[in-house]
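Numbering (my numbering), first residue to last: 4 to 303.
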C-alpha cells in the first residue's frame with residue numbers, strides 16, 4: 004500500500020482511532036494540528052482540556068485559533084514520503100472557514116515527489132472524521148487514489164450534514180463566522196438560532212425562542228436527514244453523532260442529556276447508530292461553551 008491520508012485535527016480522532024487508522028494504512032496516516040491560544044498561551048488542538056477551555060471562555064478570557072502552517076503540512080508529507088507513500092489524500096475543514104486548506108495547498112507544492120490529492124471537505128468534526136473513514140475504506144478496497152478522492156468529495160457533498168445551536172452568538176461573531184449585526188440582533192430579541200454547514204459556510208436554518216425548541220428542531224432535522232438517506236438507499240448504514248464542547252455529558256450539563264433522551268425517543272430508521280462525541284477545542288473556541296451539535300451521515 005502506497006497511498007496515505009492526512010487530516011487536520013478538527014476531525015477530533017481519539018488516540019485509539021488514530022492508531023487504528025495508522026494500522027489500516029500501514030503507518031501512512033498523519034494528523035496536522037490547529038492551535039488554540041488563551042490569553043498569551045498557545046497550545047496545539049487538544050492541549051487544553053475541553054472543560055478547561057470552556058472555563059476560560061466563560062470567564063471572558065481572550066481565545067483565538069490558528070491554522071497549521073504550510074511547514075506543518077510539509078513535515079507530515081515528508082514523513083509519509085520517507086515511509087514509502089506515493090500518493091496522499093489531504094482532507095481539511097472548509098476553506099471558507101479556515102486557512103488550513105490553503106496551508107495544505109502550499110505544502111503540496113513543496114513535494115513534487117508525491118501526488119497530493121487535496122480535498123476541501125466542507126465539513127468538520129464528526130463529518131470530517133466520517134470523510135476519513137470513507138477514504139480509508141476506499142484505499143483498503145484498492146481503488147485508485149483519484150477514484151477515492153472522488154468518492155470522498157461525493158460523500159462530503161451528499162452523505163453528511165451538520166447542524167448546531169450556539170448558546171451565545173458572540174463567540175461566532177468574534178471568530179468572524181457571523182456579522183456583528185446578527186449577533187446583536189439575536190441577543191436583543193432573545194433568539195436561539197439553529198445553524199448548519201452548507202458548502203462549508205455557516206448558514207441559518209431556523210430561529211426559535213428557547214433552547215428546548217432549538218433542541219426539538221435539531222431532532223427534527225436529524226429525523227428528516229435520516230429518512231432522506233434511507234429513501235435514496237434502503238440499506239444505508241446511518242449514524243447520528245451528538246456533539247458538545249465539554250469533557251463528558253455530565254460536565255456539559257442538562258442540554259446534552261436532554262438531547263440524548265430526545266434522540267433515543269425519535270422515530271429514526273432501524274439500525275441508526277447514535278453516539279456522543281466531544282468537539283475539537285478549536286471548534287469549541289468558535290461555537291462556545293454550551294453549544295450543541297449533531298452530525299447525520301452514512302457510514303462506509
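Glycine residues also receive a C-beta, built at the ideal position from the N, C-alpha and C atoms.
When you compare only the Cα positions, how much space is there between residue i and residue j?
| i | j | result |
| --- | --- | --- |
| residue 30 | residue 292 | 35 Å |
| residue 145 | residue 248 | 37 Å |
| residue 158 | residue 272 | 20 Å |
| residue 202 | residue 160 | 8 Å |
| residue 68 | residue 270 | 38 Å |
| residue 275 | residue 297 | 14 Å |
| residue 51 | residue 100 | 22 Å |
| residue 279 | residue 102 | 28 Å |
| residue 133 | residue 143 | 15 Å |
| residue 219 | residue 265 | 8 Å |
| residue 58 | residue 261 | 22 Å |
| residue 40 | residue 104 | 20 Å |
| residue 76 | residue 213 | 42 Å |
| residue 17 | residue 61 | 26 Å |
| residue 211 | residue 135 | 34 Å |
| residue 267 | residue 194 | 27 Å |
| residue 7 | residue 83 | 7 Å |
| residue 85 | residue 137 | 25 Å |
| residue 56 | residue 21 | 23 Å |
| residue 109 | residue 173 | 32 Å |
| residue 229 | residue 303 | 15 Å |
| residue 221 | residue 44 | 35 Å |
| residue 35 | residue 46 | 13 Å |
| residue 236 | residue 226 | 15 Å |
| residue 150 | residue 13 | 24 Å |
| residue 65 | residue 232 | 41 Å |
| residue 259 | residue 117 | 44 Å |
| residue 26 | residue 257 | 38 Å |
Looking at residue i: is its Cβ nearer than 9 Å to the Cβ of residue j?
| i | j | result |
| --- | --- | --- |
| residue 245 | residue 295 | yes |
| residue 95 | residue 79 | no |
| residue 37 | residue 11 | yes |
| residue 24 | residue 155 | no |
| residue 127 | residue 169 | no |
| residue 350 | residue 92 | The displayed coordinates of the chain run from 4 to 303. Any statement about residue 350 would go beyond what the structure contains. |
| residue 120 | residue 163 | no |
| residue 125 | residue 224 | no |
| residue 282 | residue 74 | no |
| residue 111 | residue 5 | no |
| residue 263 | residue 277 | yes |
| residue 206 | residue 175 | no |
On the criterion of 16 or more Cβ atoms from any shown chain inside 10 Å, does residue i qualify as buried, or is it exposed?
| i | result |
| --- | --- |
| residue 63 | exposed |
| residue 123 | buried |
| residue 130 | buried |
| residue 33 | buried |
| residue 48 | buried |
| residue 288 | buried |
| residue 165 | buried |
| residue 300 | buried |
| residue 196 | buried |
| residue 240 | exposed |
| residue 42 | exposed |
| residue 243 | buried |
| residue 251 | exposed |
| residue 215 | exposed |
| residue 217 | buried |
| residue 115 | exposed |
| residue 290 | buried |
| residue 90 | buried |
| residue 70 | buried |
Given 8 Å as the limit, tell me if residue i has its C-beta closer than that to any heavy atom belonging to the ligand FMN.
| i | result |
| --- | --- |
| residue 221 | Because no ligand of any kind appears in the structure shown, any question about the ligand FMN cannot be addressed here. |
At which residue ranges does the segment 47 to 74 contain complete alpha helix (DSSP H) runs of 4 or more residues, listed in the order of the chain? With a minimum length of 4 residues, the unbroken runs of alpha helix (DSSP H) contained wholly in the segment 47 to 74 fall at 53 to 61.
Which ranges does the alpha helix (DSSP H) cover as unbroken runs of at least 4 residues, wholly within the segment 211 to 263, from first to last along the chain? Entirely contained in the segment 211 to 263, the alpha helix (DSSP H) runs reaching 4 residues are, in chain order, 214 to 235 and 252 to 255.
Please specify which runs of the alpha helix (DSSP H), each continuous and at least 4 residues long, are wholly inside the segment 113 to 143, giving them in chain order. Listed in chain order, they are 129 to 143.
Write down every uninterrupted run of the beta strand (DSSP E) in the segment 67 to 111 whose length is 3 residues or greater and which is fully enclosed by it, in chain order. Whole beta strand (DSSP E) segments, 3+ residues: 90 to 95.
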